[in-house]
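Presented below is the structure to which this report refers.
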Ligand SMILES: [Fe+2]
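Residue numbers (the working numbering): 362 to 746.
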């Protein structure tokens, strides 16, 4: 049966100059969460703080969310919030910053919660908004965390990345201003952009997909496919930045409702074991997933429809070419060159991937040996596509 759709929180802003909306957000005190000094250097933090100043909102900044954030950082941020008692949390950054800020929000509002395990039980998920509302302002075009119910947080002891999803974590306000992504370097533009394309393509073939998620995801995929190489080679062109940020937003709206598939399931597990970047791992796996999922007739039809729209005859191959164009490696062996170590971890990788929630909505649910074959094809490279 269809699940209720939810497209973002209370307010959704997108387009050039929308960062100024921050001056209209009513609050007493804000904690602004950022990743590091990059936003200080580019002046983006000051710009955001000036909007808060303009509306008389006091503010304190938590600076220091690492890529692929861990629970220790989340706890640090939550203590910072307990000290400053904000009624508004502003996450200004990429997916890691937004995910970490959402997690800090949970522990700030519910300091009695001990660890990430307590958040896995959907029925007992803690209530938010007793103390603060959340604004997300993405500075990368990829994760869609600004309109998603999900976070990925690493357990610092085991290295396992926990994906946690609950509509309670849907940010109240999303501000998607392409000007905030202008300074993103080509490498991150490519990796985060491929994450957005992966969200779109996995949502399209998800076994929970519906009419509305299809509309959003298809537009996201086609626009993103065309715009990504241009955003990498012409980074200061606001048109391409806007196309990518909107594609990320649309893909986020789609996947948060209908979930993802084999690429995310395996990428989460690879990330946990080998500490790889999320977008990069997705990008490498995506073409192989198209070949793998083609066995499903419905998925094959969707891929054919996309091939027609893009003017390509083979979507998997077109994605290999796209990776090549945006300078992304074509095989997992480039990310984990030590084959022996990769093989030694293969069983664990398969176990973790089969347990991952994203696998449930893949159009083809693999057994261990089919999954092993999929992973090894992606390890070996395009000649085994
Ligand atoms: Fe993702």
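Note that beta-carbon positions come from the ideal geometry of N, C-alpha and C, so glycine has one too.
C-alpha distance - residue i paired with residue j, whole-angstrom precision
i, j, result
"residue 588", "residue 605", "6 Å"
"residue 749", "residue 540", "Not covered by the structure: residue 749. The range shown for the chain is 362 to 746."
"residue 446", "residue 714", "39 Å"
"residue 440", "residue 527", "23 Å"
"residue 626", "residue 472", "30 Å"
"residue 402", "residue 729", "47 Å"
"residue 315", "residue 457", "Outside the shown range of the chain (362 to 746) lies residue 315, about which nothing can therefore be said."
"residue 700", "residue 706", "10 Å"
"residue 421", "residue 382", "19 Å"
"residue 525", "residue 659", "28 Å"
"residue 418", "residue 451", "12 Å"
C-beta contact flag for residue i and residue j at 8 Å
i, j, result
"residue 508", "residue 573", "no"
"residue 590", "residue 547", "no"
"residue 586", "residue 710", "no"
"residue 408", "residue 380", "yes"
"residue 400", "residue 500", "yes"
"residue 429", "residue 639", "yes"
"residue 554", "residue 504", "no"
"residue 448", "residue 492", "yes"
"residue 498", "residue 453", "yes"
"residue 459", "residue 511", "no"
"residue 384", "residue 412", "yes"
"residue 656", "residue 725", "yes"
"residue 608", "residue 584", "yes"
"residue 654", "residue 513", "no"
"residue 599", "residue 377", "yes"
"residue 561", "residue 612", "yes"
Rounded distance between the beta-carbons of residue j and residue i, thought under 8 Å
i, j, result
"residue 563", "residue 624", "6 Å"
"residue 520", "residue 633", "6 Å"
Residue i Cβ short of 7 Å to ligand 3 heavy atom set
i, result
"residue 734", "Of the ligands this structure carries, namely ligand 1, none is ligand 3."
Residue ranges of each beta strand (DSSP E) within the segment 622 to 698, 3 or longer: none
Segment contact, 8 Å Cβ cut-off, at least three pairs: the segment 482 to 489 with the segment 418 to 435: no
Meets three-Cβ-pair contact criterion under 8 Å: the segment 642 to 651 and the segment 722 to 740: yes
Those runs of the alpha helix (DSSP H) which lie wholly inside the segment 472 to 520 and span at least 4 residues: none
Uninterrupted alpha helix (DSSP H) stretches inside the segment 424 to 457 (no shorter than 4 residues): 432 to 445
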